[in-house]
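A.B. asks: Before we start, here is the structure in question, set down as structure tokens.
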Amino acid sequence: MITYPIPFNKTATSRCEFQYMMEAIERGHVSGDGHFTQQCNVFLEQFLSVPKVLLTTSCTHALEMSALLLDIKPGDEVIVPTYTFVSTANAFVLRGAKPVFIDSRKDTLNMDERKLEALVTERTKAIVPVHYGGIGCEMDAIMDIAQRHNIAVVEDNAHGLFGKYRGKNLGTFGCMATQSFHETKNISCGEGGALIVNDETLIDRAEILREKGTNRSRFFRGLVDKYSWVDVGSSYLPSDLLAAFLFAQLERSEQIQHKRQQIWERYYKELSGWAKANGVILPTVPPHCDQAWHMFYMVMPSLKHRQDLIAHLKKHGILSVFHYLPLHLSDVGQQFGGKPGQCPVAEDYSDRLIRLPFYNSLSDEEQEKVIEAICQFDFTKYA
Ligand SMILES: *Cc1c(COP(=O)(O)O)cnc(C)c1O
Numbered sequence: 257m258i259t260y261p262i263p264f265n266k267t268a269t270s271r272c273e274f275q276y277m278m279e280a281i282e283r284g285h286v287s288g289d290g291h292f293t294q295q296c297n298v299f300l301e302q303f304l305s306v307p308k309v310l311l312t313t314s315c316t317h318a319l320e321m322s323a324l325l326l327d328i329k330p331g332d333e334v335i336v337p338t339y340t341f342v343s344t345a346n347a348f349v350l351r352g353a354k355p356v357f358i359d360s361r362k363d364t365l366n367m368d369e370r371k372l373e374a375l376v377t378e379r380t381k382a383i384v385p386v387h388y389g390g391i392g393c394e395m396d397a398i399m400d401i402a403q404r405h406n407i408a409v410v411e412d413n414a415h416g417l418f419g420k421y422r423g424k425n426l427g428t429f430g431c432m433a434t435q436s437f438h439e440t441k442n443i444s445c446g447e448g449g450a451l452i453v454n455d456e457t458l459i460d461r462a463e464i465l466r467e468k469g470t471n472r473s474r475f476f477r478g479l480v481d482k483y484s485w486v487d488v489g490s491s492y493l494p495s496d497l498l499a500a501f502l503f504a505q506l507e508r509s510e511q512i513q514h515k516r517q518q519i520w521e522r523y524y525k526e527l528s529g530w531a532k533a534n535g536v537i538l539p540t541v542p543p544h545c546d547q548a549w550h551m552f553y554m555v556m557p558s559l560k561h562r563q564d565l566i567a568h569l570k571k572h573g574i575l576s577v578f579h580y581l582p583l584h585l586s587d588v589g590q591q592f593g594g595k596p597g598q599c600p601v602a603e604d605y606s607d608r609l610i611r612l613p614f615y616n617s618l619s620d621e622e623q624e625k626v627i628e629a630i631c632q633f634d635f636t637k638y639a
């Protein structure tokens with residue numbers, strides 16, 4: 257693997273992660289649902305004002321839990337953005353559902369809610385909005401369509417923790433939402449996630465599915481005198497060691513978010529003139545959205561410009577990367593009927609989008625180098 261002086265992403269830790277991991281070991285409980293798991297759940301429940309948060313091994317697993325909780329079956333349809341990570345769709349495909357892909361809006365690259373109702377059928381069981389880059393989808397319109405057709409909404413909020421739409425926290429709109437604490441996310445423990453349960457009627461079963469289909473959680477709360485196999489389920493609990501690492505990051509989240517805001521705003525400010533002069537599109541944040549400062553992307557005039565800029569930055573020791581390949585054009589997406597031309601906005605933007613280095617320990621000097629190198633990119637050869 258080639259390493260770059262300025263990578264795309266880097267894990268930043270304080271001493272606290274290690275102290276808490278030591279403490280978890282000293283407490284003698286490093287399997288799931290120990291002291292630190294509890295701390296993380298409560299932190300997120302309080303921060304988001306939601307009835308239940310369950311830490312999971314990943315966002316993918318939290319999405320799988322949501323599909324189980326909604327009893328998704330073969331023949332069901334689930335509407336997912338084509339411009340997202342595979343897990344948004346795969347968690348439902350695993351239960352036999354057909355993913356129905358929706359195109360993106362040009363401004364935020366979020367699912368285009370104006371194209372949503374036309375995709376609803378009698379078989380539609382769920383809509384899964386992804387708040388791309390931590391900027392909220394048009395939740396008013398999405399929730400209205402979902403409610404009128406009696407369809408569940410599960411927010412894949414992997415990018416959006418701490419973001420808001422019209423003053424309301426992302427992750428609190430759907431009956432459920434999922435978080436990711438993967439290394440590439442704002443707050444991380446390497447691999448991890450959480451299921452946010454907003455619909456209280458789903459809480460008991462969520463605990464059971466997460467605990468291998470047993471009522472063990474109720475047993476530990478003294479609500480039943482023995483625990484046994486009561487439902488389907490799997491093992492979605494992370495070790496308390498990972499929860500200890502994660503809690504250290506959650507405790508610092510205000511500081512982390514502040515740092516990320518500074519990085520984002522500096523990129524935006526210092527690249528605006530350059531972008532305007534060269535036909536490069538910078539992200540749009542609608543005024544009613546408080547973003548989560550997850551990433552900084554740019555949309556170049558063409559695929560060639562994008563590839564050349566990635567190569568140019570590599571020469572300067574900087575790793576920038578493209579993002580999702582639209583799911584409807586993937587091998588699996590095509591098996592579900594995906595065809596070129598079906599989601600024109602996502603197809604076009606996915607060719608042209610580039611993401612810049614963005615991590616919690618990115619220094620001012622490093623960011624300076626990235627911006628300088630970008631401004632040296634030669635546009636004249638495309639004239
Ligand atoms: C990162 C990500 C996931 C998967 O998260 P894991 O925790 O790695 O399973 C799912 N959806 C989106 C939109 C993501 O960015």
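Under the numbering used here, the very last position in the sequence shown is 639; numbers go up by exactly one each time. Virtual Cβ for every residue (Gly too), placed ideally from N, Cα, C.
1) Around the C-beta of residue 309, are 16 or more other C-beta atoms found within 10 angstroms, so that it is buried, or is it exposed?
2) Check the C-beta distance from residue 344 over to residue 336 and give it rounded, since I have them as a contact under 8 Å.
3) What residue range does the beta strand (DSSP E) around residue 394 cover?
4) Assuming residue 379 and residue 455 form a contact by the criterion Cβ under 8 Å, report the distance between their Cβ atoms to the nearest whole angstrom.
5) Three-state secondary structure (DSSP) at residue 366?
6) Quick check: the segment 364-372 against the segment 381-397, are at least 3 beta-carbon pairs closer than 8 Å?
7) Give the straight-line distance between the Cα atoms of residue 313 and residue 637, rounded to the nearest whole angstrom.
8) From the DSSP output, in three-state form, read off residue 383 for me.
9) What I want to know is whether the C-beta of residue 414 ends up closer than 7 Å to one or more non-hydrogen atoms of ligand 1.
10) Contact between the segment 606-626 and the segment 569-580 is defined here as three or more beta-carbon pairs at a separation below 8 Å; is this criterion met?
11) What is the rounded straight-line gap between the Cα of residue 583 and the Cα of residue 434?
12) Taking the straight line between their C-alpha atoms, what separation do you get for residue 424 and residue 396?
13) Please report how far the alpha carbon of residue 617 lies from the alpha carbon of residue 329, in whole angstroms.
14) Which whole runs of the alpha helix (DSSP H) in the segment 270-345 are 4 residues long or more, in chain order?
15) I need the DSSP call for residue 549, collapsed to helix, strand or coil.
16) Take the Cβ of residue 374 as the centre, count every other Cβ of all protein chains shown within 10 Å, and call the residue buried at 16 or more, exposed below.
17) If you compare alpha carbons, which of 305, 316, 307 is closest to residue 340?
18) Between residue 480 and residue 469, is the Cβ-Cβ spacing less than 8 Å?
19) Give a single yes or no on whether residue 247 has its beta carbon closer than 7 Å to a heavy atom of ligand 1.
20) Looking only at C-alpha atoms, which of 404, 297, 399, 429 sits nearest to residue 413?
C.D. replies: Well, looking at it:
1) buried
2) 5 Å
3) First-last for residue 394: undefined, no H or E at that position.
4) Actually they do not touch by this definition, with Cβ atoms about 21 Å apart.
5) coil
6) yes
7) 48 Å
8) strand
9) yes
10) yes
11) 19 Å
12) 11 Å
13) 44 Å
14) 271-283, 291-304, 315-325
15) coil
16) exposed
17) 316
18) no
19) Lying before the first or after the last residue shown, residue 247 is absent from the chain, which here runs from 257 to 639.
20) 429
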